[in-house]
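The sequence shown begins at 0 in numbering that gives the first Met the number 0 and counts up one residue at a time. Virtual Cβ for every residue (Gly too), placed ideally from N, Cα, C. Treat the numbers as computed from the prediction; the structure is a model and nothing was measured.
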Amino acid sequence: MSFQDVFGTAPDGSWRAPGRVNLIGEHTDYNDGLVLPIALPNRILVTAARRDDGRIAVASSGHPGVVEFAIDELAPGSVGDWAAYPAGAAWILRESGYPIGGANLLVDSDLPSGAGLSSSAALLCATSVALLGLRDIEVDPAEVARLAQKAENQYVGAPVGLMDQMASMCCTAGHALFFDIRAMATDQIPFDPPADDLALLVVDVKAPHRHVDGEYAARRQSCEQAAAELGVPALRSIAFEDLDDALARLTDDVVRRRVRHVVTEIRRVEDAVTLMRAGKLREVGPLFTASHASLRDDFEITVPELDVAVDTALAAGALGARMTGGGFGGCIIALVEAAAAEPVLAAIEKAFAEHGFSAPAALNAPPSAGASRVS
Ligand code: GLA
0 MSFQDVFGTA PDGSWRAPGR VNLIGEHTDY NDGLVLPIAL PNRILVTAAR
50 RDDGRIAVAS SGHPGVVEFA IDELAPGSVG DWAAYPAGAA WILRESGYPI
100 GGANLLVDSD LPSGAGLSSS AALLCATSVA LLGLRDIEVD PAEVARLAQK
150 AENQYVGAPV GLMDQMASMC CTAGHALFFD IRAMATDQIP FDPPADDLAL
200 LVVDVKAPHR HVDGEYAARR QSCEQAAAEL GVPALRSIAF EDLDDALARL
250 TDDVVRRRVR HVVTEIRRVE DAVTLMRAGK LREVGPLFTA SHASLRDDFE
300 ITVPELDVAV DTALAAGALG ARMTGGGFGG CIIALVEAAA AEPVLAAIEK
350 AFAEHGFSAP AALNAPPSAG ASRVS
């Protein structure tokens, strides 16, 4: 589907924003914690042309039809379905006082949706940079990420944290993005497994996302309840050394386990970054595995497909493996010796066939660059 075919004119430019996988630090972002994502080569591409009537028309290669709305009339929830994301981006830019104008937008994607790779954040970020770029408005990438999160929270109504948008905007090729949410500080950590004869295997377990929105909101709510009970602004305020004391002060066992996940996971991110900086990448593997156990047993967001993929990868010799993303489906990552990548993947495929699961799909995931203008 070409822009010319849909809108009858040539575009003024195109902008891309990638999906991500998180190496470690799951479900800590909305607790003011630490995360360590890489951007994928897969991206959402928005091709765009200015229009001067204050209206936005958006078409997508993945969905039939064109959705059109006036920027002035946007209000939370006013546009539904997939077009809520581009509409939400326009809404938050307008609300924040950026002088965007009307546009025709064509959305294209090679980012699997529903695989926990953050296609929604990528769509919000790609639309935002396109609408800003069309008017030559320069905005700091971290600010675009913050606005995209606000749009997802307030326009779409999903209570997500800031990791995915930051990954999409601020990652660089060959690096993982170490993002401290409380400090709003980022550091680019060189991450190049092949240079150490290693590989990062990313496998989409193709499990249908089950109740993911409600479960995500419930986890967030438990964390907020715990922080309130403990009298801190967010669980990040609980130091690893004080964890046992904090757990003893909580009455509900489920809440206690949610807290233990968050506090230990933040510690694992610190440990992973220290090891990566020291060039000890192989030693990061056990942290991945410990993270998975915590997400499975304490945070309770894994599903059988994720657990089987991780267990099989480890049994087949992976140095470490874990689910990545929001949970309830999506992808696992496994750190493996380069020579073991194929046998580990084959073992997962065999185990999935034996369990009667859908066939999993491996993704090529070299750490890639964040959002940019393409043409
Ligand atoms: C989803 C959310 C993120 C983050 C992860 C879990 O991807 O969008 O903000 O909370 O889940 O780490």
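The ligand GLA has a heavy atom closer than 7 Å to the beta-carbon of Met-162. Comparing alpha-carbon positions, the option among Asn-30, His-26 and Val-45 lying closest to Pro-36 turns out to be His-26. With a 10 Å radius around the Cβ and a threshold of 16 neighbouring Cβ atoms, Gly-79 comes out exposed. In the structure shown, Cys-330 adopts extended strand secondary structure according to DSSP, grouped into three states. Here DSSP, grouped into helix, strand and coil, assigns Pro-40 to strand.
Put simply, of Arg-219, Phe-2, Arg-49 and Gly-32 the residue whose alpha carbon is nearest the alpha carbon of Phe-239 is Gly-32. Leu-274 is positioned such that its CB atom lies no closer than 8 Å to that of Ala-175. Relative to Glu-341, the option among Lys-149, Leu-197, Gln-148 and Asp-28 whose CA is nearest is Leu-197. Linking Gln-153 to Phe-190 through their CA atoms gives a straight-line distance of about 34 Å. Leaving aside the five residues that flank Gly-132 on each side, the residues in its chain whose CB is nearer than 7 Å to its CB run, in chain order, Gly-12, Trp-14 and Arg-372.
The three-state reading of DSSP puts Glu-336 in strand, counting E and B together.
With the rule of 3 Cβ pairs closer than 8 Å, the stretch 160–172 does not count as touching the stretch 86–106.
The C-beta of Met-183 has fewer than 16 other C-beta atoms within 10 Å across all chains shown, which makes the residue exposed. The stretch 312–322 and the stretch 331–341 touch, with no fewer than 3 CB-CB distances between them shorter than 8 Å. The beta carbon of Ala-245 sits closer than 7 Å to the beta carbons of Leu-229, Ile-237 and Val-258 from its chain, once the five residues preceding and following it are set aside; these are given in chain order. Ala-16 sits in a strand when the DSSP states are folded into three classes.
By the Cβ-count criterion, Asp-28 is buried, with 16 or more other Cβ atoms from all chains shown falling within 10 Å of its own Cβ. In terms of Cα proximity to Gly-7, the closest of Asn-30, Leu-105, Leu-73 and Asp-71 is Leu-105. Residue pairing by DSSP places Asn-103 opposite Ala-48 and Ala-56 in a beta bridge. The stretch 44–51 and the stretch 64–77 do not touch, with fewer than three beta-carbon pairs separated by less than 8 Å. Following the DSSP letters along the chain, one finds His-260 inside the alpha helix (DSSP H) bounded by residues 252–276. The stretch 322–331 makes contact with the stretch 295–302; the number of CB pairs closer than 8 Å reaches 3 or more. Around the beta-carbon of Ile-136, fewer than 16 other beta-carbon atoms lie within 10 Å, marking it exposed. Per DSSP, the unbroken beta strand (DSSP E) holding Ile-188 starts and ends at 184–189. Rounded to the nearest angstrom, the gap between the Cα atoms of Ala-368 and Pro-17 is 8 Å. Between Ile-188 and Ser-108, the C-beta gap is not smaller than 8 Å, which leaves the two residues out of contact.
In the three-state DSSP reduction, His-62 falls in the strand class (E or B).
In this chain, Met-0 is not harboured by any beta strand (DSSP E), its DSSP state being neither H nor E. When Lys-205, Thr-250 and Ala-338 are compared, the shortest CA-CA separation from Ser-357 is found for Lys-205. Selection Arg-19, Asp-4, Gly-24 and Ala-9 evaluated against Ser-290 yields Gly-24 as nearest (Cα-Cα).
For Phe-177, there is no enclosing alpha helix (DSSP H); the residue is part of the beta strand (DSSP E) that begins and ends at 174–179. Here Gln-3 is exposed, its C-beta having fewer than 16 other C-beta atoms within 10 Å. The Cβ atoms of Ala-361 and Ala-166 lie no closer than 8 Å to each other. DSSP places Ala-120 in the uninterrupted alpha helix (DSSP H) bounded by 118–133.
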